[in-house]
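**Student:** Residue 52 in the numbering used here sits at position 39 of the sequence shown, and the numbers go up by one each step. Glycine included, every Cβ here is placed at the ideal spot set by N, Cα and C.
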Amino acid sequence: MADPRSEQALNLQIHLTAITNPYEAIEEDSYAWVIEGKSCEGYSSSKTWSVLRPRAEEVSWHRSVWFKGAIPRNAFNMWIANLDRLPTKTRLANWGVNINPICDLCNTNQESRDHLFLTCDYALYIWNAVSRRLSLPGLRFQNWMELIAWTKTKNIRSPTTLRKLVAEAVIYALWKQRNNVVHNQVHIPPSVLFKDIDRELKNSITARSIKKSFKSLMARWLRRNCFFCDPS
Ligand SMILES: [Zn+2]
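Written as C-alpha cells, this is what we have:
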C-alpha cells in the first residue's frame, strides 16, 4: 500500500488494515449508494449532484426572472438587470470610465438602470402602451423593486406569467435599443419599438400555446379598450 498523503488517507489505511476480509462463503458482495444516510436504489446522478453542489439561500425575486416558458435571452438579460450588473453609463462612470452619463434615449437624466428601464420618457411610452394593452391604469414604476412586485401580482386580465413575459421583453428591448443608439447611432421612435415587442410576445405566446399557463394569454395580450385609445 502506498504511503498515505493525507490524514484522511492514513485513517483509511488504518481502517482497511483493521477489518477482517469478507468471505464469499458467508455472504455475497453487494454495494449500497448512500446519500445523507439514506441508501438509494442504485446510483442517482441527480441526487449526488444535489448533495455536492453549493446551495445559496433562496432569493425573493427568482420566480420573477426564471419561470416556465420564459424566453431564455430575455430571462438572462432580466437576471443581469435585476442584479444591476448591466454596464449602464452611471456604473461605467463609477468605475472611472471617462463617459458622459446622460441617457441617450431622452438626453435629460443620468442613465442608471432604474432611469433607463422605468422612469425615462422613452421607457414610459412603452409602459403606457403595455398598460393600455393589459387594460391597466398607467404603469409608473419608481424603482426596480416596484417592477418586481408588479410581476408577482395579478388580476383577471393579466396573470403573472403574462406580466413576467411582458416585463422581460420590455427590459430586453429597451437595453437593445439603448445599445443601438450608443454604439450605432440608430434612433427609432418608441412606437416602433413597441411594435417589435408586440410581435415578439405574439410569437412567443403562439409557440408556447400548448402550455397550460399560456393557453389564455393571447386573448389577454390582444385585448384592447377601443381602437381610438389604442390605435397601435
Ligand atoms: Zn432617459
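With a floor of 4 residues, list each alpha helix (DSSP H) that falls wholly inside the region 17–97, ordered by position along the chain.
**Tutor:** Whole alpha helix (DSSP H) segments, 4+ residues: 20–31, 58–65, 75–78, 85–95.
**Student:** In the DSSP assignment, find the alpha helix (DSSP H) that holds Glu213 and state where it starts and stops.
**Tutor:** Sequence index remark: in the sequence shown, residue 213 carries index 200 (1-based). Counting along the chain, the alpha helix (DSSP H) containing Glu213 begins and ends at 203–220.
**Student:** Select from Glu124, Trp108, Gly109, Asn107 the residue whose C-alpha is nearest the C-alpha of Ile115.
**Tutor:** As a first step, residue 115 is located in the sequence shown; it is residue number 102 there, counting from the start. Of Glu124, Trp108, Gly109, Asn107, the residue nearest in Cα terms is Glu124.
**Student:** Taking only the alpha-carbon atoms, compute the straight-line gap between Ala45 and Lys51 and give it to the nearest angstrom.
**Tutor:** Looking up residue 45 in the sequence shown gives position 32. Looking up residue 51 in the sequence shown gives position 38. Between Ala45 and Lys51, the C-alpha separation is close to 10 angstroms.
**Student:** How big is the Cα-Cα spacing for Leu105 and Ile112?
**Tutor:** On the sequence shown, residue 105 is found 92 positions in, with the first residue counted as 1. On the sequence shown, residue 112 is found 99 positions in, with the first residue counted as 1. Rounded to whole angstroms, Leu105 to Ile112 spans 7 angstroms at the Cα level.
**Student:** Could you name the residues of the same chain whose beta carbon sits closer than 8 angstroms to that of Val47, not counting the 5 residues immediately before and after it, in chain order?
**Tutor:** Locating residue 47 in the sequence shown gives position 34, counting from the first residue. Excluding positions up to five away in sequence, the list reads Cys53.
**Student:** Tell me the DSSP secondary structure of Gln155 in three-state form.
**Tutor:** Residue 155 sits at position 142 when you count from the first residue of the sequence shown. Gln155 falls in the coil class under three-state DSSP.
**Student:** With hydrogens ignored, establish whether the beta-carbon of Thr121 is closer than 7 angstroms to any heavy atom of ligand 1.
**Tutor:** Within the sequence shown, the letter at position 108 stands for residue 121. Yes, Cβ of Thr121 sits closer than 7 angstroms to a heavy atom of ligand 1.
**Student:** Skipping 5 residues on each side, what residues in its chain have a beta carbon closer than 7 angstroms to that of Leu25?
**Tutor:** If you number the sequence shown from 1, residue 25 lands on position 12. Result list for Leu25: empty, nothing under 7 angstroms.
**Student:** Report the rounded CA-to-CA distance for Gln155 versus Ala162, giving the unit in angstroms.
**Tutor:** The sequence position of residue 155 within the sequence shown is 142, counting from 1. The sequence position of residue 162 within the sequence shown is 149, counting from 1. Whole-angstrom Cα-Cα distance: 12 angstroms.
**Student:** Assuming contact is defined by CB atoms lying nearer than 8 angstroms, are Asp117 and Val194 in contact in what I supplied?
**Tutor:** As a working mapping, residue 117 is identified with position 104 in the sequence shown. As a working mapping, residue 194 is identified with position 181 in the sequence shown. Against a cut-off of 8 angstroms, the Cβ pair of Val194 and Asp117 comes out as a contact.
**Student:** Would you identify the three-state DSSP class for Gln190, choosing helix, strand or coil?
**Tutor:** One-based indexing of the sequence shown puts residue 190 at position 177. If DSSP states are grouped into helix, strand and coil, Gln190 belongs with the helices.
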